[in-house]
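The structure under discussion appears below in the form of structure tokens.
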Amino acid sequence: MTDVLPAATAAPPQRGARPKGPSHANSGYLFVLPFLLVFLAMLVMPLAYAAYLSLFREQLVGGTVFAGLDNYTRALTDDRLVEGVWRVARFFVLQVPIMLALSLTAALAIDSGLLRFAKVFRLGIFVPYAVPAVVATLMWGYLYGPDFGPFAQLAEKLGLSAPQFLSESHMLGSIANIVTWEFVGYNMIILYAALRAIPHDLYEAAAVDGAGAFRVAWSIKLPALRPALLLCLLFSVIGSFQLFSEPQLLQRLAPNVIDSSYTPNLYAYTLAFTGQEVNYAAAVSFLLGLVIVIASYTVLLAATRRSRA
Amino acid sequence: MRPFKRSRGRAGVACVAALVVTASLSLTACGGGGSDDGGGQAAQPASQADIDKAMQTPTKLTFWTWVPNIAKEVALFEKKYPAIDVNVVNAGQGEPQYTKLRTALKAGTGAPDVAQIEFQYIPTFSITKSLVDLRPYGAQALKDKYVDWTWNQVTGSKGEIWAYPQDTGPMGMLYRKDILDKHGIAPPKTWDEFAAAARKLHAADPNVYLTNLAPNQNGVWMGLLWQAGVKPFATTGADSVTVNLNDQTSKKLGTYWGGLVKEGVVSADPDFTDAWYQALNRGKYATWLTAAWGPIFLTGSAKSTSGKWRAAPLPQWDAGKSVSGNWGGSTSAVITGTKNPIAAAKFAEFINSDPESTKMFATEQFLFPPTKSLLADPSFTQQKPPFYGGQTVNQVFSDISSTVDTQFQWPPFLDQVVNDWDETVGKSFADKTDTNAALDQWQERVTTYAKNQGFKVNSQ
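This is how it looks when you write it as structure tokens:
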């Protein structure tokens, strides 16, 4: 279906139809220039510089020496890094399905037109996304508190032992809960926008065929949402593997549960700023970037293969 | 100043962005070739004429510090030397400031002329040649003004003077007189008595612990090692370091504290958290093993317990002896790259040695003084704060200050040592696992790090 559109617009340009072609092209570059400058200065150059740094080793004694790929080989055999990567992978498997299911349900519910206060509902779910992650984590950190948190107090009133949200076995779940709370609204908005883009005639045709609300959701809305869902999933892959601020802030409340290599990003940060091992931190960051690319590609591949099948 | 534990909250806000971008940006900020010209260059002593000239030339100095209201002391200096204008900047408390300082030093621009540096961080900054040796500016003449151990703390391995002491934290014990009295426990004078008291108290009231050993507070552990006479680190040359974290005495401490925590008669809650403040107010801990800045800190943080606390020296390993360690305290150091080393050095000297300025630190900011004269000054030592039932608390800590072991040294890579302690020894307290095994791990991790950094490592 989509193949039709480009063919229609791709009429061969007529010779001489656009005498000012080149200057048009130039002004196009001019418009892109501000972005391009910022992009080069803020993304490409730091990346190149970090890549360059990762090939050296700076020591407190002996100064800086070229290390080749030593930093990378060290990272590949670094148990703490590998453990961190597995932890965020587990986090992804645990948290993302729950979050996307909630987002999808909320988006479908709002779109169904059956809710009475759809706007209030939509805003209410979206508001947590407007709360900065730092504030959200501090707030949840307080709620989780084993001594003074409301859950602990409630448990005490009921004569139960306080739930240990910040203990080693529950910490990942507690972080997943914070991230879910933050991002359900965000993903819901993406999905909702995609739902609004579905042509209305499809619904009319369905109504004529006698399809109910659930049938419409299953056969029209869900297939139409596939690209948007994939987008959400990709964002979530990246977000999960880059997990940083939540564990970093909760570290203060549970310093002995979250260590400095709890997530790969936290590890890179600690290496750079605690151990002053800037070069090794650069190598770790690049490897993590590679892991994210591979994970994203795997997700993409799995999703498209299923859609073809 | 209480030693702000490497607050890990640091720049969390800024770091939500995409990883590679974050990492590479931050690396840009701290990587790269800094200038390597160090403090060693100024071996030539400045003549009195040079000094006079520098102090009369209009100069702008930047001073990084987190001491509140320090403008008052700075004003005293500016009154005496009107040509010099000091710009006070609060660049963060402890670790955040050090991170900014390192970044500025690497970038080669934006570093202050003078900065507040805690004692334990001096070797970490002197090894990177970030501090200016103050001997050419007459620092040695001030040696006798300061308590011996504080002067040793600012002295480098080749006799360099890296900073002027500003405040200190000799360790003592604050205890709840009411709680101990209620259970008929005398304030313990030895660690044996302390252990017995811990068991007795917790058995009598399961909600109360004799003390709390914070698993995130390396400073206390270092102070306790210091008291026990352990020499965990020694810099034996420019490229070699001794790491001695699991010797017999360390293990004695490991067995002692690990045992009490495992028994459950000493709690292991992280300190300086909301829960910890609440526990202090609620009377969950009957003592706080703390430093000389602790009494004032507690007055502000546990208001509801006013009048119930008293101060005493730390319990001793050998009855009859009295030794202590130190936890926290700061100095003023001149930072490499300053264009006005004379004015900067004289400023650091003035605020930390001028009688009016040092007295102001002790009475307005309540910093615990490192100068012998103030520690003997009755107007300081004879204060009778009602929070401690009128006890002359400053006198107690002033006496303790003279019992601090003078030979304790810090490693040239403190951040890493503390980080590794949290994840080994500290974790063993939190998880109630074998502390002595954790001490071995700590030793191993620090040794590996030091070797990676190019040091020759001696262990005993």
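Protein sequence lines, in the order shown, are assigned to chains A and B. With numbering that gives the first Met the number 0 as the guide, the letters of the first sequence map in order to residues 0 to 308. With numbering that gives the first Met the number 0 as the guide, the letters of the second sequence map in order to residues 0 to 459. Think of the CB as a built atom: it goes at the ideal place given N, C-alpha and C, for glycine as much as any other residue.
Q) Does any C-beta atom of chain A lie closer than 9 Å to the C-beta of T453(B)? A) As a first step, residue 453(B) is located in the second sequence; it is residue number 454 there, counting from the start. Before going on, a small fix: residue 453(B) reads as Gly here, not Thr. Residue contact with chain A for G453(B): present (Cβ-Cβ distance below 9 Å to some residue of chain A).
Q) DSSP beta-bridge partners for L99(A)? A) Here the question's residue 99(A) lines up with position 100 in the first sequence. DSSP lists no partner for L99(A).
Q: Kindly indicate which residue of V260(B), Y208(B), F412(B) has the alpha-carbon position closest to the one of A233(B).
A: As a first step, residue 233(B) must be located in the second sequence, where it is residue number 234. Cα-wise, what sits closest to A233(B) is F412(B).
Q. G328(B) bridges to which residues according to DSSP?
A. The sequence position of residue 328(B) within the second sequence is 329, counting from 1. Partner(s): T167(B).
Q: Please classify R251(A): does DSSP put it in a helix, a strand, or coil?
A: Translated into the one-based positions of the first sequence, residue 251(A) becomes position 252. Three-state result, R251(A): coil.
**Q.** Closest Cα partner of D268(B) within the set A271(A), A223(A), A206(A), V256(A)
**A.** Position 269 of the second sequence holds residue 268(B). The candidate whose alpha carbon is nearest that of D268(B) is V256(A).
Q.
For V219(B), would you say it is in contact with chain A, using Cβ-to-Cβ distances shorter than 9 Å as the test?
A. Working through the second sequence from its first residue, we reach residue 219(B) at position 220. Not a single C-beta of chain A is nearer than 9 Å to the C-beta of V219(B).
Q. From D404(B) to A175(A), what distance separates their C-alpha atoms?
A. Your numbering for residue 404(B) matches position 405 in the second sequence. Your numbering for residue 175(A) matches position 176 in the first sequence. Roughly 48 Å separates the two Cα atoms.
Q | Span separating the alpha-carbon of S23(B) from that of G389(B) | A | Position 24 of the second sequence, counted from the start, is the residue given in the question as residue 23(B). Position 390 of the second sequence, counted from the start, is the residue given in the question as residue 389(B). Annotation note: pLDDT 37 at S23(B) (below 50); position unreliable, coordinate value reported separately. Approximately 56 Å, taken between the alpha carbons.
Q.
Let me check one thing: in DSSP terms, what residues is A477(B) bridge-paired to?
A. The question about residue 477(B) has no answer, for chain B in this structure spans 0 to 459.
Q: Jot down the residue ranges of each uninterrupted alpha helix (DSSP H) in the segment 399-452 of chain B, minimum 4 residues, whole runs only, in chain order.
A: Listed in chain order, they are 413-420, 426-430, 434-451.
Q) In angstroms, rounded to a whole number, what distance separates the CA positions of S259(A) and Q43(B)? A) On the first sequence, residue 259(A) is found 260 positions in, with the first residue counted as 1. On the second sequence, residue 43(B) is found 44 positions in, with the first residue counted as 1. If you take the alpha carbons of S259(A) and Q43(B), they lie about 44 Å apart.
Q) So what does F55(A) bridge to, in DSSP terms? A) Sequence index remark: in the first sequence, residue 55(A) carries index 56 (1-based). BP columns for F55(A) point to F65(A).
**Q.** Nearest-angstrom Cα separation, counted from R195(A) out to R121(A)
**A.** For this step, residue 121(A) is matched to residue 122 along the first sequence. For this step, residue 195(A) is matched to residue 196 along the first sequence. Straight-line measurement puts the Cα of R195(A) at about 14 Å from the Cα of R121(A).
Q.
To be precise: take each residue of the segment 264-288 of chain B, compare its Cβ to all Cβ atoms of chain A, and keep it if any distance is under 8 Å. Which residues remain?
A. Those residues of the segment 264-288 of chain B that come within reach of chain A (Cβ to Cβ, closer than 8 Å) are P269, T272, D273, A274, Q277, A278.
Q. Does any residue of chain B bring its CB to less than 9 Å from the CB of T76(A)?
A. Locating residue 76(A) in the first sequence gives position 77, where the first residue counts as 1. No, T76(A) lies away from the interface with chain B (no Cβ there is under 9 Å from its Cβ).
Q. Under a CB-based cut-off of 9 Å, is I334(B) close to chain A?
A. Working through the second sequence from its first residue, we reach residue 334(B) at position 335. By this cut-off, I334(B) is not an interface position.
Q. Is there a Cβ from chain B that is less than 9 Å from the Cβ of F272(A)?
A. Numbered from its first residue, the first sequence carries residue 272(A) at position 273. At least one chain B Cβ lies under 9 Å of F272(A).
Q | C-beta atoms of A315(A) and F240(A) nearer than 9 Å | A | Residue 315(A) falls outside the range modelled here, since chain A spans only 0 to 308, and no answer is possible.
Q) Which residue comes first and which comes last in the beta strand (DSSP E) that contains I83(B)? A) Along the second sequence, read from residue 1 onward, the residue named residue 83(B) stands at position 84. Counting along the chain, the beta strand (DSSP E) containing I83(B) begins and ends at 83-88.
Q. DSSP three-state call for V60(A): helix, strand or coil?
A. Position 61 of the first sequence, counting from 1, holds the residue named residue 60(A). In this structure, V60(A) counts as coil in the three-state DSSP scheme.
**Q.** Close-in-space but distant-in-sequence residues of the same chain around I237(A) (CB under 8 Å, 5 per side omitted)
**A.** Position 238 of the first sequence, counted from the first residue, corresponds to residue 237(A). Counting only Cβ-Cβ distances below 8 Å, and skipping sequence neighbours, we find I291, S295.
Q) Going along chain B in order, which residues have a C-beta closer than 9 Å to the C-beta of L252(A)? A) Your numbering for residue 252(A) matches position 253 in the first sequence. Around L252(A), the beta-carbon contacts reaching into chain B at under 9 Å are P269, T272, D273, A274.
Q | Buried versus exposed, by CB contacts within 10 Å (16 or more), P135(B) | A | Taking the first residue of the second sequence as 1, we reach residue 135(B) at position 136. With a threshold of 16 other beta carbon atoms within 10 Å, P135(B) meets it and is buried.
Q | Straight-line Cα distance separating L259(B) from L438(B) | A | Against the second sequence, residue 438(B) aligns to sequence position 439. Against the second sequence, residue 259(B) aligns to sequence position 260. C-alpha separation (whole angstroms): 16 Å.
Q) Are the beta-carbon atoms belonging to F367(B) and A291(B) less than 9 Å from one another? A) Position 368 of the second sequence, counted from the start, is the residue given in the question as residue 367(B). Position 292 of the second sequence, counted from the start, is the residue given in the question as residue 291(B). Cβ atoms of F367(B) and A291(B): closer than 9 Å.
Q. What residue does the beta strand (DSSP E) around V242(B) start on, and which one ends it?
A. For the purposes of this step, residue 242(B) is identified with residue 243 of the second sequence, where counting begins at 1. Looking at the DSSP string, the run of the beta strand (DSSP E) that includes V242(B) is 239-242.
Q. Tell me the DSSP bridge mates of K455(B)?
A. Mapped onto the second sequence, residue 455(B) falls at position 456. BP columns for K455(B) point to S239(B).
Q. Shorter than 9 Å from the beta carbon of Q408(B) to some beta carbon of chain A?
A. As a working note, residue 408(B) is residue 409 in the second sequence. No, its Cβ sits nowhere closer than 9 Å to a Cβ of chain A.
Q: Between the Cα of I126(B) and those of K157(B), A138(B), A110(B), Q96(B), spot the shortest distance and give me the residue it belongs to.
A: Working through the second sequence from its first residue, we reach residue 126(B) at position 127. The shortest C-alpha separation from I126(B) is found at K157(B).
Q | Contacting positions in the segment 230-257 of chain A - beta carbon closer than 7 Å to chain B | A | Flagged, chain order: Q241, F243, S244, Q247, L248, Q250, R251, L252, P254, N255.
Q.
Cβ closer than 7 Å: which chain B residues qualify as neighbours of L259(A)?
A. What you label residue 259(A) is simply residue 260 of the first sequence in a count that begins at 1. Note that residue 259(A) is Ser in the sequence shown, not Leu. Per Cβ cutoff of 7 Å: N418, E422.
Q: Closer than 8 Å by beta-carbon distance: list the chain A residues that pair up with T98(B), in chain order.
A: Position 99 of the second sequence holds residue 98(B). In chain order, F272 make up the part of chain A whose C-beta sits under 8 Å from the C-beta of T98(B).
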